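Chemist: Pasting a structure below so you can have a look.
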Amino acid sequence: MKNESVISIKQAGFGYRSRSDYFVLKDVNLILNKGELTGIIGLNGSGKSTFIKSVCGLHKALTGEVEVYSQNIYSLDVNERSKLVSVVLTERNSGFNLTCLDVVRMGRIPFTNMFGKLTGTDNEIVDNCVKHLGLEEHKSKLLEELSDGLYQKTMIARCMAQQTSIMLLDEPAAFLDYGAKHDLFKHLRDLCVIQQKCILFSSHELDLILKYCTNVLILHNSTAQLIPVNEAMNHKYFKEVSGGYI
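Next comes the structure, spelled out in structure tokens:
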């Protein structure tokens with residue numbers, strides 16, 4: 022059975038607007054499908070964060086098109102986007118007296134009524150995400166009290182609670198210990214296989230990308246090349262991006 026495409030990127034250029042547009046990535050053409058876990062790799066400054074922010078709709082592409090489910094991502098309002106795409110970014114934000122549990126609950130906000138009240142089903146989803154990320158003992162802690170690793174797990178739990186079919190995660194394993202990295206990537210793969218999600222994440226954990234991913238997206242010299250994981254090590258740019266460690 023042919024995989025269903027959910028993200029389509031055509032002739033896109035990603036970067037920043039100023040007096041003259043600054044392109045980080047140019048001429049990007051990609052089709053990303055349901056049921057696929059894609060690891061994004063590249064040297065620092067290659068555009069991994071810019072790519073993720075552009076595909077989720079936070080940064081508008083300088084040129085070209087980005088579509089999710091055949092809809093222009095930039096034409097959707099925040100609530101519409103939030104029902105289709107969830108994202109974890111690298112920036113650590115102030116908690117404004119929010120607890121870990123408060124933040125995970127925010128993942129259900131796009132699906133609540135005008136008063137933002139969570140249903141029993143919503144709370145069950147939240148509790149399952151808290152449990153799966155091992156946050157039960159920390160759920161009452163304020164966000165600023167959490168270590169970097171627990172903060173990262175909280176953001177991932179919020180993303181999972183959103184239950185979108187597309188998930189974008191920027192360095193989700195950056196502050197996790199090695200065992201937790203394995204557990205996270207395995208869970209992301211299971212979400213793709215069992216729930217047919219389309220998940221993209223950036224990481225420098227190349228061994229885990231090769232172990233768990235369907236595809237590798239290599240960012241190099243302003244280009245984006247999507248290749249099957251079993252072909253990654255033979256790709257002309259892989260050794261340069263990996264630093265020769267794999």
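Going left to right, the sequence shown walks through residues 22 to 267 as the numbering used here numbers them. Backbone N, C-alpha and C fix where the C-beta goes; we use that ideal spot for every residue, glycine too. None of the values given here were measured: they were computed from a predicted structure.
Check whether the Cβ atoms of residue 194 and residue 224 sit closer than 7 Å, and answer yes or no.
Modeler: To locate residue 194, count along the sequence shown from 1; it is residue 173. To locate residue 224, count along the sequence shown from 1; it is residue 203. Yes. Within cutoff.
Chemist: With distances taken Cα to Cα, identify the nearest neighbour of residue 125 among 152, 176, 207, 107.
Modeler: As a first step, residue 125 is located in the sequence shown; it is residue number 104 there, counting from the start. For the residues 152, 176, 207, 107, the minimum Cα distance to residue 125 belongs to 176.
Chemist: Kindly indicate which residue of 131, 151, 227 has the alpha-carbon position closest to the one of residue 183.
Modeler: The residue you call residue 183 lines up with position 162 of the sequence shown. Ranking the options by Cα distance to residue 183, first place goes to 131.
Chemist: What three-state label does DSSP hand residue 184 in the structure shown?
Modeler: One-based indexing of the sequence shown puts residue 184 at position 163. Residue 184 falls in the coil class under three-state DSSP.
Chemist: Who are residue 223's beta bridge partners in DSSP?
Modeler: Against the sequence shown, residue 223 aligns to sequence position 202. 61, 191.
Chemist: Residue 240 and residue 68 - do their beta-carbons sit closer together than 7 Å?
Modeler: For the purposes of this step, residue 68 is identified with residue 47 of the sequence shown, where counting begins at 1. For the purposes of this step, residue 240 is identified with residue 219 of the sequence shown, where counting begins at 1. Cβ atoms of residue 68 and residue 240: closer than 7 Å.
Chemist: Count the other C-beta atoms from every protein chain shown that fall within 10 angstroms of the C-beta of residue 174, then say buried if there are 16 or more, exposed otherwise.
Modeler: In the sequence shown, counting from the first residue as 1, residue 174 sits at position 153. Burial call: buried.
Chemist: Looking at residue 26 and residue 52, is the spacing between their C-beta atoms short of 7 Å?
Modeler: Residue numbering aside, residue 52 sits at position 31 when the sequence shown is read from its first letter. Residue numbering aside, residue 26 sits at position 5 when the sequence shown is read from its first letter. In this structure, residue 26 lies closer than 7 Å to residue 52 by Cβ.
Chemist: Counting only runs that start and end within the region 206-251, where is the beta strand (DSSP E) found for 3 or more residues in a row?
Modeler: Entirely contained in the region 206-251, the beta strand (DSSP E) runs reaching 3 residues are, in chain order, 219-223, 236-241, 244-249.
Chemist: Here's a check: name, in chain order, each residue in its chain whose Cβ is nearer than 8 Å to the Cβ of residue 32, leaving out the five neighbours to either side.
Modeler: To locate residue 32, count along the sequence shown from 1; it is residue 11. Answer for residue 32: 48, 49, 50, 84, 85, 86, listed in chain order.
Chemist: Please specify which runs of the beta strand (DSSP E), each continuous and at least 3 residues long, are wholly inside the region 64-135, giving them in chain order.
Modeler: With a minimum length of 3 residues, the continuous beta strand (DSSP E) runs that stay inside the region 64-135 are 84-89, 106-109.
Chemist: Considering only residues of the same chain and omitting the five flanking positions on each side of residue 253, which have a CB-CB separation below 7 Å?
Modeler: In the sequence shown, the residue the question calls residue 253 occupies position 232. Within the same chain, residue 253 has close Cβ partners 231, 237, 259.
Chemist: Where do the N-terminal and C-terminal ends of the beta strand (DSSP E) with residue 31 fall, by residue?
Modeler: As a first step, residue 31 must be located in the sequence shown, where it is residue number 10. Unbroken beta strand (DSSP E) run through residue 31: 26-37.
Chemist: Pop quiz: residue 110 and residue 160 are said to be a contact at Cβ under 8 Å. What is the actual Cβ separation, rounded to whole angstroms?
Modeler: Start at 1 with the first residue of the sequence shown, and residue 110 comes out as number 89. Start at 1 with the first residue of the sequence shown, and residue 160 comes out as number 139. In fact, because the Cβ distance is near 22 Å, the residues do not count as touching under 8 Å.
Chemist: Would DSSP call residue 154 helix, strand or coil?
Modeler: Within the sequence shown, the letter at position 133 stands for residue 154. DSSP places residue 154 in coil when its eight states are reduced to three.
Chemist: One question on the structure: do residue 227 and residue 206 come within less than 7 Å of each other, judged by their Cβ atoms?
Modeler: On the sequence shown, position 206 is the one that residue 227 refers to. On the sequence shown, position 185 is the one that residue 206 refers to. Cβ atoms of residue 227 and residue 206: not closer than 7 Å.
Chemist: Does the Cβ of residue 136 have 16 or more other Cβ atoms within 10 Å, making it buried, or fewer, making it exposed?
Modeler: If you number the sequence shown from 1, residue 136 lands on position 115. Exposed, since its Cβ has fewer than 16 Cβ neighbours within 10 Å.
Chemist: Cα separation between residue 94 and residue 45?
Modeler: Looking up residue 94 in the sequence shown gives position 73. Looking up residue 45 in the sequence shown gives position 24. The alpha-carbon atoms of residue 94 and residue 45 are separated by roughly 19 Å.
Chemist: Taking the C-alpha atoms as reference points, what is the distance between residue 140 and residue 242?
Modeler: By 1-based counting over the sequence shown, the position of residue 140 is 119. By 1-based counting over the sequence shown, the position of residue 242 is 221. Spanning the two alpha carbons is a distance of roughly 48 Å.
Chemist: If we ignore side chains and look at the alpha-carbon of each, how far apart do residue 255 and residue 247 end up?
Modeler: The count along the sequence shown starts at 1 and reaches residue 255 at position 234. The count along the sequence shown starts at 1 and reaches residue 247 at position 226. Straight-line Cα distance between these residues: approximately 13 Å.
Chemist: So, under 8 Å CB-CB, residue 56 and residue 250 are touching, yes? Tell me the CB distance rounded to an integer number of Å.
Modeler: The sequence position of residue 56 within the sequence shown is 35, counting from 1. The sequence position of residue 250 within the sequence shown is 229, counting from 1. Rounded, the Cβ-Cβ distance is 14 Å, inconsistent with contact.
Chemist: Please list, in chain order, all residues of the same chain as residue 157 whose beta carbon is under 7 Å from its beta carbon, the five residues on each side excluded.
Modeler: Residue mapping note: residue 157 aligns to position 136 of the sequence shown, counting from 1. So the qualifying residues of the chain are 151.
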